[in-house]
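Undergrad: If you read the sequence shown in UniProt numbering, its first letter stands for residue 1, the second for the next number, and so on.
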Amino acid sequence: MSTNTSSFFDEHFAMLYSNLMDQYMPEYFKSFQYTPWVFSLLGSVVIGLSGIFPLIIIPTEEKMAKEGYKDPADSKLLRVLLSFAVGGLLGDVFLHLLPEAWEGDNQDPSSHPSLRSGLWVLSGILIFTIVEKIFSGYASADEENPQPKCVEIANCLLRRHGGQLPEGETAESCGGACDIEDVDKVCFLREREQKSKEKKEQPKKVAGYLNLLANSIDNFTHGLAVAGSFLVSFRHGVLATFAILLHEIPHEVGDFAILLRSGFSRWDAARAQLLTAGAGLLGALVAIGGSGVTSAMEARTSWIMPFTAGGFLHIALVTVLPDLLKEEDRKESVKQLVALIFGIALMAVMTMLFEH
Numbered sequence: 001m002s003t004n005t006s007s008f009f010d011e012h013f014a015m016l017y018s019n020l021m022d023q024y025m026p027e028y029f030k031s032f033q034y035t036p037w038v039f040s041l042l043g044s045v046v047i048g049l050s051g052i053f054p055l056i057i058i059p060t061e062e063k064m065a066k067e068g069y070k071d072p073a074d075s076k077l078l079r080v081l082l083s084f085a086v087g088g089l090l091g092d093v094f095l096h097l098l099p100e101a102w103e104g105d106n107q108d109p110s111s112h113p114s115l116r117s118g119l120w121v122l123s124g125i126l127i128f129t130i131v132e133k134i135f136s137g138y139a140s141a142d143e144e145n146p147q148p149k150c151v152e153i154a155n156c157l158l159r160r161h162g163g164q165l166p167e168g169e170t171a172e173s174c175g176g177a178c179d180i181e182d183v184d185k186v187c188f189l190r191e192r193e194q195k196s197k198e199k200k201e202q203p204k205k206v207a208g209y210l211n212l213l214a215n216s217i218d219n220f221t222h223g224l225a226v227a228g229s230f231l232v233s234f235r236h237g238v239l240a241t242f243a244i245l246l247h248e249i250p251h252e253v254g255d256f257a258i259l260l261r262s263g264f265s266r267w268d269a270a271r272a273q274l275l276t277a278g279a280g281l282l283g284a285l286v287a288i289g290g291s292g293v294t295s296a297m298e299a300r301t302s303w304i305m306p307f308t309a310g311g312f313l314h315i316a317l318v319t320v321l322p323d324l325l326k327e328e329d330r331k332e333s334v335k336q337l338v339a340l341i342f343g344i345a346l347m348a349v350m351t352m353l354f355e356h
């Protein structure tokens, strides 16, 4: 069914492309010299720009604040988008990345397909787990000996001295958690509480950086695919770019939601998404540079898809899903489940339409 659908779409796209070229394209452009590497880079840039598309969909921090959400991670819409992201990642892994990796392994009679790809998937999961443990360990080192709340410490100090500081002293501190002075007590308490909040923001971003790493690797494979298609023909290149773009748009929405949950602002998330697009350009350059040794290049990069699949599995099932399982509102839980299933279904539709 997938092959028939792809052939049907390919034939109709070819007819549409031919008609547009004949009727609407100026004569100058009909006679231009086709340069595959230029269009390969342009195609990779277009796909990379899909990373800022979520700015249109996801509301601003100001709008979330008006709705009563001080932290964007508490937004009901963001939690639904995170569920969609989990579904999209799972659909991408089991309906796109792993089948394509197994198909490539089956073409090599000297390898055991399930073992080889399986080992790379496990490697991706383990490496992402180790990285998250390392960076989370640095961030949570101070949490092993939690301090009482600043206000409680201040009250304790005041009770110890009968509501006043000892005679001749103007300040006293306790455990580095707060300072209390004879003047402007509130300001000092607020300052220390603000510093405490800033410390808590750091570990939240680990998952976001892991997601960016996985996306960079995934974008590298997209660059390989786009450049490889343009090296075949202009029509194949345009078709591949269009297919990957449609596949990436829902993916990018989910990735954007994960970055917001990890503590990134909207613009920081958009900039980070654009930076990962650089990996797509690198993939295109690698494909162009190795165009004469296609089989050797495929052998060297065959590990990327199963490794990326392992990274996506870690992000979806270990990093994002546990937070969603804490939802206590049944209505919101149903919405999140529907969004998760929709994410899987959308990846399935994209695979049936555009995979060859």
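Backbone N, C-alpha and C fix where the C-beta goes; we use that ideal spot for every residue, glycine too.
Return the CA-CA distance between THR221 and THR308, expressed in angstroms with no decimal places.
TA: Walking along the sequence shown from the start, residue 221 turns up at place 221. Walking along the sequence shown from the start, residue 308 turns up at place 308. In a straight line, the C-alpha of THR221 is about 10 Å away from that of THR308.
Undergrad: According to DSSP, is LYS326 helix, strand or coil?
TA: For this step, residue 326 is matched to residue 326 along the sequence shown. LYS326 falls in the coil class under three-state DSSP.
Undergrad: Taking the alpha-carbon positions, what's the SER117 to PRO99 distance?
TA: Numbered from its first residue, the sequence shown carries residue 117 at position 117. Numbered from its first residue, the sequence shown carries residue 99 at position 99. Distance between the alpha carbons of SER117 and PRO99 is about 10 Å.
Undergrad: According to DSSP, is PHE84 helix, strand or coil?
TA: Position 84 of the sequence shown, counted from the first residue, corresponds to residue 84. Note: PHE84 maps to helix in three-state DSSP.
Undergrad: Quick check: the Cα distance between ALA85 and MET347, rounded to an integer number of angstroms?
TA: Taking the sequence shown and counting its residues from 1, one reaches residue 85 at position 85. Taking the sequence shown and counting its residues from 1, one reaches residue 347 at position 347. Those two C-alpha atoms are separated by around 11 Å.
Undergrad: Any idea what DSSP makes of ILE56, helix, strand or coil?
TA: Start at 1 with the first residue of the sequence shown, and residue 56 comes out as number 56. DSSP places ILE56 in helix when its eight states are reduced to three.
Undergrad: Check each candidate in PHE39, ALA101, ALA257, PHE53 and name the one with the smallest Cα separation from VAL320.
TA: Residue 320 sits at position 320 when you count from the first residue of the sequence shown. Selected option, being the one with the closest Cα: ALA257.
Undergrad: Count the CB pairs spanning the segment 321–338 and the segment 115–135 that are closer than 8 Å, and state whether there are at least three.
TA: Cβ pair count under 8 Å is below three, so no.
Undergrad: Should ASP329 go down as buried or exposed, given a rule of 16 or more other Cβ atoms within 10 Å for buried?
TA: Counted from its first residue, the sequence shown places residue 329 at position 329. Counting Cβ neighbours within 10 Å, ASP329 comes out exposed, since fewer than 16 surround it.
Undergrad: Quick one, are the C-beta atoms of LEU42 and ALA270 less than 7 Å apart?
TA: Taking the first residue of the sequence shown as position 1, residue 42 is located at position 42. Taking the first residue of the sequence shown as position 1, residue 270 is located at position 270. Result no, Cβ atoms of LEU42 and ALA270 do not sit closer than 7 Å.
Undergrad: Can you check whether the CB of ASN215 is closer than 7 Å to the CB of ASP255?
TA: On the sequence shown, residue 255 is found 255 positions in, with the first residue counted as 1. On the sequence shown, residue 215 is found 215 positions in, with the first residue counted as 1. The answer is yes: Cβ separation under 7 Å.
Undergrad: Which of helix, strand or coil does DSSP assign to THR35?
TA: The count along the sequence shown starts at 1 and reaches residue 35 at position 35. Coil, per DSSP.
Undergrad: Does VAL38 pass the burial test, meaning 16 or more other C-beta atoms within 10 Å, or should it be called exposed?
TA: As a working mapping, residue 38 is identified with position 38 in the sequence shown. With fewer than 16 other Cβ atoms within 10 Å, it is exposed.
Undergrad: Is VAL286 close to the ligand FMN? I mean its beta-carbon at under 6 Å from any heavy atom of the ligand.
TA: As for the ligand FMN, it is missing from this structure, which has no ligand bound.
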